[in-house]
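Trainee: Numbering (my numbering), first residue to last: 1 to 408. Here you go, one structure.
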Ligand code: PMP
């Protein structure tokens with residue numbers, strides 16, 4: 001027995017946790033590309049644009065000014081103020097800086113919140129399909145993820161009845177995400193008000209509203225923040241947002257949360273033990289993003305909308321797959337029910353969406369993520385954060401791979 005086998009490096013809980021599926025798919029795609037294979041990576045969700053130059057300048061200037069020391073754990077005063085101003089400008093919400101925390105990406109905001117509040121066995125309600133990390137974070141922290149299926153017939157929106165049925169005395173959080181990764185589902189004010197009627201009756205439930213795709217909405221859809229719609233639930237709502245998606249700043253790792261002061265304090269305590277304040281120069285960059293020209297946000301959104309249209313039109317012409325036109329974010333969550341049971345040219349049966357994505361990678365050279373990674377099958381997610389030409393080629397390749405299948 002090797003030393004490695006004898007001394008397992010993993011805590012027991014890690015046996016129940018998967019590495020991020022989209023990161024795995026992307027890494028596999030990169031490996032195949034490095035081996036010389038012609039693979040289009042539609043796995044990872046990050047804008048393909050460069051960070052706007054005024055934001056980069058701000059980081060450089062901050063470093064030159066000497067903003068290179070440990071920042072306060074909960075964020076620099078200037079970024080917290082920029083976030084307060086952003087909430088007022090975009091969401092008509094008034095927060096005090098004591099109700100704001102800045103973290104290493106929205107992901108850490110979510111982790112801080114769950115770690116600060118979950119006791120063993122506490123349940124966290126997830127609207128499937130959901131951003132896969134929610135479930136793994138809950139599991140790592142000893143909580144119990146509870147999936148509520150949200151079907152394509154209802155545009156992947158949470159039904160109030162289904163929410164009511166899922167709540168138990170052990171429910172600690174409901175996690176909402178609009179626009180949604182992976183489905184692009186977006187909630188209107190009246191959708192939220194219907195959910196509020198249920199949540200009003202269950203004061204044990206905290207609400208985490210992940211609004212990281214706020215600015216990427218289409219068809220003149222008017223984004224509404226959960227807290228703006230349901231102000232009566234403000235004292236138990238944490239709004240999560242960040243600069244990664246709207247400003248093409250995924251690598252800068254700045255996210256933020258806004259919620260009741262007591263919760264923010266508990267989250268700050270967690271963060272102080274793990275990572276301290278987020279990178280000081282990245283925080284200065286985030287100030288420039290939030291307070292500077294918002295033109296690039298509008299430009300990025302226009303590009304994502306054009307690509308959404310391209311994908312929707314292409315999928316319409318491919319038999320065997322379906323797509324409910326997403327109203328936001330930069331993904332297409334494609335239904336592939338009709339492909340289940342089909343056989344490939346080499347005689348393999350496509351038994352589930354994981355088999356379908358494996359086939360697409362192998363045959364079409366297109367990397368996509370199976371719906372199972374998001375808690376709803378059979379679907380696969382492609383990211384539309386890729387230039388129009390590559391997207392178009394990828395969909396043509398998917399179409400010809402589907403053409404080669406034999407159906408019973
Ligand atoms: N929430 C959702 C719904 C996401 O899709 C992502 C990124 N894929 C995140 C949070 C994490 O964002 P950040 O890069 O700010 O950690």
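The C-beta atom is built at its ideal place from N, Cα and C for all residues, glycine as well. Quick caveat: nothing in here was measured; it's all calculated off a predicted structure.
Tell me, to the nearest whole angstrom, how far the beta carbon of residue 210 is from that of residue 327; I am working on the premise that it is less than 8 Å.
Mentor: The pair is not a contact, with the Cβ atoms about 16 Å apart (cut-off 8 Å).
Trainee: Given this structure, state the Cα-to-Cα distance separating residue 251 from residue 48, to the nearest angstrom.
Mentor: Rounded to whole angstroms, the gap between the alpha carbons of residue 251 and residue 48 is 12 Å.
Trainee: Under the three-state reduction of DSSP, which class applies to residue 194: helix, strand or coil?
Mentor: helix
Trainee: If I measure Cβ to Cβ from residue 25 and keep anything under 6 Å in the same chain, skipping five residues before and after, which residues do I get?
Mentor: 43, 367, 369
Trainee: Please report how far the alpha carbon of residue 334 lies from the alpha carbon of residue 383, in whole angstroms.
Mentor: 11 Å
Trainee: Which residue from 340, 235, 221, 243 puts its Cα closest to that of residue 206?
Mentor: 235
Trainee: Among all residues, which have a Cβ less than 6 Å from at least one non-hydrogen atom of ligand 1, and in what chain order do they fall?
Mentor: A residue is listed when its beta-carbon falls short of 6 Å from at least one non-hydrogen atom of ligand 1; in chain order these are 45, 105, 106, 107, 131, 177, 181, 210, 212, 242, 244, 250, 255.
Trainee: Thinking just about the alpha-carbon of each residue, which of 303, 125, 378, 181 is nearest to the one in residue 168?
Mentor: Nearest option by C-alpha distance: 125.
Trainee: Is it buried or exposed for residue 135, if we count other Cβ within 10 angstroms and need 16 for buried?
Mentor: buried
Trainee: Using the DSSP secondary-structure output, state which residues sit across from residue 176 in a beta bridge.
Mentor: 209
Trainee: In the DSSP output, which residue or residues are listed as bridge partners for residue 124?
Mentor: 145, 173
Trainee: Would you kindly report the start and end of the unbroken alpha helix (DSSP H) that includes residue 438?
Mentor: As displayed, the chain neither begins before 1 nor continues past 408, which places residue 438 out of reach and without an answer.
Trainee: Just confirm the distance between the C-beta atoms of residue 398 and residue 360, as a whole number of angstroms; I'd bet it's less than 8 Å.
Mentor: 6 Å
Trainee: What whole-angstrom Cβ distance do residue 320 and residue 339 have, given they're in contact under 8 Å?
Mentor: Confirmed, about 5 Å.
Trainee: Taking C-beta to C-beta, are residue 256 and residue 83 nearer than 7 Å?
Mentor: Residue 256 is a Cβ neighbour of residue 83, given a cutoff of 7 Å.
Trainee: Just mark residue 60 as buried or exposed, buried being the case when its beta carbon has 16 or more other beta carbons within 10 Å.
Mentor: Flag for residue 60 reads exposed.
Trainee: Entirely within the segment 225–287 and at least 3 residues each: give me those beta strand (DSSP E) ranges in chain order.
Mentor: 237–242, 255–258
Trainee: Is residue 112 closer than 7 Å to residue 271 when the C-beta atoms are compared?
Mentor: In this structure, residue 112 lies closer than 7 Å to residue 271 by Cβ.
Trainee: Just verifying my parser: in three-state terms, what is the DSSP assignment at residue 333?
Mentor: strand
Trainee: Can you give me the C-alpha to C-alpha distance between residue 77 and residue 147, rounded to a whole angstrom?
Mentor: Here the alpha carbons of residue 147 and residue 77 stand approximately 38 Å from one another.
Trainee: Using 8 Å as the threshold, is the segment 172–179 in touch with the segment 103–121, meaning 3 or more CB pairs across them?
Mentor: yes
Trainee: Would residue 94 be called buried (16 or more neighbouring beta carbons within 10 Å of its own) or exposed?
Mentor: exposed
Trainee: Give me whichever residues DSSP pairs with residue 370 in a beta bridge.
Mentor: 380
Trainee: Put residue 291 into one of helix, strand or coil per three-state DSSP.
Mentor: helix
Trainee: Give every residue of the same chain whose Cβ lies closer than 6 Å to the Cβ of residue 106, excluding the five residues on either side of it in the sequence, and list them in chain order.
Mentor: 212, 240, 242, 255
Trainee: So, using beta-carbon positions, are residue 289 and residue 55 closer together than 7 Å?
Mentor: Yes. Within cutoff.
Trainee: Hey, how far is the Cα of residue 282 from the Cα of residue 151?
Mentor: 39 Å
Trainee: What is the DSSP secondary structure of residue 15, counted as helix, strand or coil?
Mentor: helix
Trainee: Look at residue 408 and residue 341 and say whether their C-beta atoms are less than 7 Å apart.
Mentor: Cβ distance < 7 Å, so residue 408 and residue 341 count as in contact.
Trainee: By alpha-carbon positions, which one of 296, 315, 214 ends up nearest to residue 87?
Mentor: Residue 214 is the option with its Cα nearest to residue 87.
Trainee: Can you name the start and end residues of the alpha helix (DSSP H) that residue 364 belongs to?
Mentor: First-last for residue 364: undefined, no H or E at that position.
Trainee: At what residue ranges does the segment 18–58 contain a whole run of the alpha helix (DSSP H), taking only runs of 4 or more?
Mentor: 21–34
Trainee: Straight-line CA distance for residue 375 to residue 128?
Mentor: 5 Å
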